[in-house]
Amino acid sequence: MSKSQRQLLIVAAILAGIQFVILPLMDYQNQQHDELTLLEQRLSRSEQLLQNQEELKELSAAVQANEEKILAAIPMATDKTMMRIELQGEVQSIARKYSVNVDEFNWMTDSQSVSATVDLQRAKIRLEGPVSQLAQTHLEMTQELPSIRFVDASLTSANNRRNKLTGDPQMRLELILEIATRSAVGGEQ
Numbered sequence: 001m002s003k004s005q006r007q008l009l010i011v012a013a014i015l016a017g018i019q020f021v022i023l024p025l026m027d028y029q030n031q032q033h034d035e036l037t038l039l040e041q042r043l044s045r046s047e048q049l050l051q052n053q054e055e056l057k058e059l060s061a062a063v064q065a066n067e068e069k070i071l072a073a074i075p076m077a078t079d080k081t082m083m084r085i086e087l088q089g090e091v092q093s094i095a096r097k098y099s100v101n102v103d104e105f106n107w108m109t110d111s112q113s114v115s116a117t118v119d120l121q122r123a124k125i126r127l128e129g130p131v132s133q134l135a136q137t138h139l140e141m142t143q144e145l146p147s148i149r150f151v152d153a154s155l156t157s158a159n160n161r162r163n164k165l166t167g168d169p170q171m172r173l174e175l176i177l178e179i180a181t182r183s184a185v186g187g188e189q
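Numbering follows UniProt numbering, in which position 63 of the sequence shown is assigned residue number 63; successive positions increment by one, without gaps.
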């Protein structure tokens, strides 16, 4: 074997050593470095959580108290059909109080769960009457029925009809509502 062939074999061995030993070792070290960096970040976050433990407990208690207040304002609905009938009755009672006609009351969808205890239902209501009485009806509905959220409202003329007593033009108010209800969970009644 000649001297140049021997030198080529040595260079090939060095290159093979670099390719199959040193480069994999460097990749392994880089991987270990990345894992160590991630672990250090997790440790830092854990230490911060431990330092802020009391503050986090207080915030958690405040959030839980607020959640309980909000849930207390949402009516319990053990029977969905009865709840719907009761709500329709309340809306009709408020409308009657202001001499407003309820032309339509349709439940648009089945209830949708938004959490473990709260369901939302949508309804479409069409009221007809003078603008001032429609406004009073709408205001009282917002005050008396806090679990209702008004999603959409549109006011249109009711074919140029006028109120028989006052002569005011009749208007139509169409409301899309979301009604929040609580379901009984864990023995709640």
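Each residue gets a CB set at the ideal place from its N, CA and C atoms; glycine is no exception. Just so you know, these numbers come straight off a predicted model, no measurement behind them.
Span of the alpha helix (DSSP H) around residue i
i      : result
Leu177 : Here Leu177 belongs to no alpha helix (DSSP H); instead the beta strand (DSSP E) covers 169-182.
Ile70  : 53-73
Nearest neighbour of residue i, chosen from the options [CA to CA]
i      : options                     : result
Thr109 : Ile94, Pro130, Arg84        : Arg84
Glu144 : Gly89, Ala116, Gly129       : Gly89
Asp152 : Leu175, Ala13, Leu134       : Leu175
Asp168 : Ile148, Leu43, Gln133       : Gln133
Arg96  : Ser4, Gln29, Pro130         : Pro130
Ser183 : Ser111, Leu39, Glu47, Ala61 : Ser111
For residue i, the three-state DSSP class (helix, strand or coil)
i      : result
Asp34  : helix
Ser154 : strand
Asn102 : The question names Asn, yet the displayed sequence has Val at residue 102. Residue state, collapsed to three classes: strand.
Ile18  : helix
Ser93  : helix
Met76  : strand
Ser147 : coil
Arg113 : Here residue 113 is Ser; the residue named in the question, Arg, does not match the sequence. Three-state DSSP puts Ser113 in a strand.
Residues near residue i in its chain [Cβ-Cβ closer than 6 Å; skip 5 each side]
i      : result
Ala73  : Pro146
Ile18  : none
Glu188 : Only weak support exists for where Glu188 lies, its pLDDT of 43 falling under 50; the coordinates are left without a value.
Ile125 : Phe105, Leu175
Arg149 : Glu178
Gln121 : Ser111, Ile179
Own chain, CB closer than 7 Å to residue i, minus 5 neighbours either side, in chain order
i      : result
Leu50  : none
Ala123 : Phe105, Asn106, Trp107, Met108, Leu177, Ile179
Met27  : The sequence given here has Asp at residue 27, not Met. Around Asp27: no qualifying Cβ.
Residue i, enclosing beta strand (DSSP E) - first and last residue
i      : result
Gln121 : 118-130
Neighbourhood of residue i by C-beta distance below 8 Å, restricted to the same chain and skipping five residues each side
i     : result
Phe20 : none
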